[in-house]
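*Asks:* Take a look at the following structure, please.
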Amino acid sequence: MVSKTIDYVQDHSAPTGLIVVNMAIGIVELVVLATGALLLFQHKMAGRRMIAATGGVVALHNLSAGVQYKVVGGPPDVELIA
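Counting from 1, one number per residue, gives the positions in the sequence shown under the UniProt record's numbering.
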């Protein structure tokens, strides 16, 4: 999956800015979810709230990334990954 992403970022016809922004947002989401898991492991209520809120944000991000993918006309073989 990473090698395909690198190929598309290097492709001049691909929306590289959109790809990079979506990947950066995904990394931020991962960090926040990991922080929430750590807080939950420490039996802190904030961990539950953080995971619940971030889970909603992740779901919306995945939905918007799918719509963005359809709008820019990405290749159909990657559609299952997106």
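Every residue, glycine too, gets a C-beta built ideally from N, C-alpha and C.
Given the structure is predicted, the values throughout are model-derived calculations rather than measurements.
#1: Going by the CB atoms, is the gap between V32 and M50 shorter than 8 Å?
#2: Can you give the Cα-Cα distance for G47 and I27, rounded to whole angstroms?
#3: Find the nearest neighbour of V71 within the set P15, A34 and D7, judged by alpha-carbon distance.
#4: Provide the residue span of the alpha helix (DSSP H) that contains K70, from first to last.
#5: Give the straight-line distance between the Cα atoms of S64 and I6, rounded to the nearest whole angstrom.
*Replies:* Looking at the atomic coordinates:
#1: yes
#2: 18 Å
#3: P15
#4: M45 to V72
#5: 21 Å
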